[in-house]
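Protein sequences, first through last, are from chains X and A.
My numbering applies: residue 88 is where the first sequence begins, and numbers increase by one.
My numbering applies: residue 457 is where the second sequence begins, and numbers increase by one.
We put the beta carbon where it would ideally sit given N, CA and C, even for glycine.
What follows is one structure encoded as structure tokens, with my remarks underneath.
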Amino acid sequence: MLRRRPRYGIDQSLPLFVAAAILLVMANAFPIVTLQLQGDETDATLLRAARVMYDEQRPDVALLVLVTGVLAPALQIGAALYVLGALRMRRLPRGFAAAFRLFRQSAPWAMIEVFALGVLVAMVKLAHVATIVPGIALWSFGVLMVVLAAAVNAIDTREIWARAQALR
Amino acid sequence: MSGRSAASLGLAGCHDCGLVSRVTGHASACPRCGAALHLRKPDSLNRAWALMIAAYILYVPANLLPIMETSSLFGAQSDTIISGVVFLWHSGSWDLAAIVFVASVVVPLSKLFALTYLLLAVRRRPARQPLQKTRLYRMVEFVGKWSMLDIYVVALLATVVKFQALASITAAPGAVAFGAVVILTMLAAQSFDPRLLWDAADAGGGTAGATRTCRRDAVSALPP
């Protein structure tokens, strides 16, 4: 498919990216799951998973988790907010084109949906070993997955560049 | 299906903003967004081959080495990708076993084979069925990231299962190799330029090449 023009343009994509940004912060600030085993308790966040990998002499796995789980989605959402926010305020700031390029190129490396499935698999593997308490971040990841997909879908490259050229 | 390629007219579409403009000289930049313009991705085949060969080599340790080590009161155990799938199957969650099997075994393998096939197909002139091959490329690109599933599972388990003497899980070297395979094949897919398939189909007589391809397809579709 070459082109399908989203109906509401940046008036739709901008609020979706704002929601995605909030969800991404929530998904990383709260625990994803808490595990209880004989009175002992551990929990996991994405950042802590990267930290544990680093401490266990697996800096490469830590980097992989950090980049695909946190950094790439953050860059993708941040760059989109910069571009859409600028257009909304009818300004063309420095680095507009660079931000758009960053948005495009970070997309394949943002793997929120894969991570969400990974959480599911990990929970099933642990289900008969210990008590699992789903955390706030688990729901945040689920919603973020849908909102981010919708937000990226609502981006219309032609509309963005037509607006940018009109501001020049 | 017919018509001339933009490249043969000296036109290139910008990878980032989509603007089509005329390419002059070697280092052209998109007049609208400033991105580098190329008629075709630079050095596409060499880069893709190099990344693919590296991915093939790392695929061996990725599957032979354990990706996860578990130690508990009942002793130590190490899991490879396959044994992880087998474990899920035996514990009764055959649906998740199927998902993990597809993500960790079927996807990486078919990706390696599909990209190799495409890289070889480009060398055939005139190449046949560029449309089907372009579709194959799109699928390879779409499916790539799902192989990261096992890496996330290992990282999560290693984070959450830390109960001193009772049980603890750590990531093992296989996870590093497997992650590298995923990244390398994604990079290979990105450096491959699917338009080369159409160039190869057109080779040897402009649009005549495309017509010949179609006719040959029609013949091969007839019952013998």
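Nearest-angstrom Cβ-Cβ length linking residue i and residue j, presumed shorter than 8 Å
i	j	result
residue 508 of chain A	residue 576 of chain A	The Cβ separation is near 11 Å, so there is no contact.
residue 606 of chain A	residue 513 of chain A	Contact flag wrong, Cβ pair sits at about 19 Å.
residue 157 of chain X	residue 134 of chain X	7 Å
residue 123 of chain X	residue 220 of chain X	7 Å
residue 111 of chain X	residue 161 of chain X	6 Å
residue 468 of chain A	residue 479 of chain A	5 Å
residue 650 of chain A	residue 593 of chain A	5 Å
residue 139 of chain X	residue 615 of chain A	5 Å
8 Å Cβ cutoff met for residue i and residue j
i	j	result
residue 238 of chain X	residue 114 of chain X	no
residue 562 of chain A	residue 544 of chain A	no
residue 603 of chain A	residue 503 of chain A	no
residue 231 of chain X	residue 179 of chain X	no
residue 121 of chain X	residue 130 of chain X	yes
residue 580 of chain A	residue 656 of chain A	yes
residue 191 of chain X	residue 472 of chain A	yes
residue 627 of chain A	residue 610 of chain A	yes
residue 174 of chain X	residue 97 of chain X	yes
residue 460 of chain A	residue 652 of chain A	no
residue 152 of chain X	residue 552 of chain A	no
residue 578 of chain A	residue 501 of chain A	yes
residue 195 of chain X	residue 642 of chain A	yes
residue 476 of chain A	residue 564 of chain A	no
residue 159 of chain X	residue 203 of chain X	no
residue 630 of chain A	residue 518 of chain A	yes
residue 465 of chain A	residue 515 of chain A	no
Below-8 Å beta-carbon distance, residue i vs any chain A residue
i	result
residue 226 of chain X	no
residue 171 of chain X	no
residue 129 of chain X	yes
residue 245 of chain X	yes
residue 252 of chain X	yes
residue 248 of chain X	yes
Within chain A, the residues that residue i reaches when beta carbons sit closer than 7 Å
i	result
residue 124 of chain X	619, 622
Below-8 Å beta-carbon distance, residue i vs any chain X residue
i	result
residue 463 of chain A	no
residue 647 of chain A	no
residue 457 of chain A	At residue 457 of chain A, the pLDDT of 48 sits below 50, so the modelled position is not reliable; the number obtained from the coordinates is stated separately. Chain X contact via Cβ: absent.
residue 516 of chain A	no
residue 635 of chain A	yes
residue 460 of chain A	no
residue 642 of chain A	yes
residue 669 of chain A	At residue 669 of chain A the pLDDT is 44, less than 50, meaning the model places this residue with poor confidence; the figure from the coordinates comes in the next sentence. Chain X, which has no Cβ nearer than 8 Å to the Cβ of residue 669 of chain A, makes this no.
Listed by chain order, chain X residues near residue i by CB distance under 7 Å
i	result
residue 626 of chain A	143
residue 632 of chain A	145, 147, 148
Exercise. Check distances from the C-beta atoms of the stretch 597-618 of chain A to those of chain X and list, in chain order, the residues that come in under 9 Å.
Key: 597, 600, 601, 602, 603, 604, 605, 606, 607, 608, 609, 610, 611, 612, 613, 614, 615, 616, 617, 618
Quiz item: In the stretch 178-211 of chain X, which residues sit with their C-beta less than 7 Å from some C-beta in chain A, listed in chain order?
Solution: 184, 187, 188, 191, 195, 198, 201, 202, 204, 205, 206, 208, 209, 211
Quiz item: Going along the stretch 134-147 of chain X in order, which residues come within less than 7 Å of chain A, judged by CB to CB distance?
Solution: 135, 136, 139, 140, 143, 145, 147
Quiz item: Of the residues that make up the stretch 92-120 of chain X, which ones have a beta carbon closer than 7 Å to any beta carbon in chain A?
Solution: 120
Exercise. Check each residue of the stretch 467-498 of chain A: if its Cβ is closer than 9 Å to any Cβ of chain X, include it; give the result in chain order.
Key: 471, 472, 473, 474, 475, 486, 488, 489, 490, 491
Quiz item: Name the residues in the stretch 536-557 of chain A whose C-beta lies less than 8 Å from a C-beta of chain X; which are they?
Solution: 543, 544, 547, 549, 552, 555, 556
Quiz prompt | Cβ-based contacts, 8 Å cut-off: residues of the stretch 151-175 of chain X near chain A | solution = 151, 152, 155, 156
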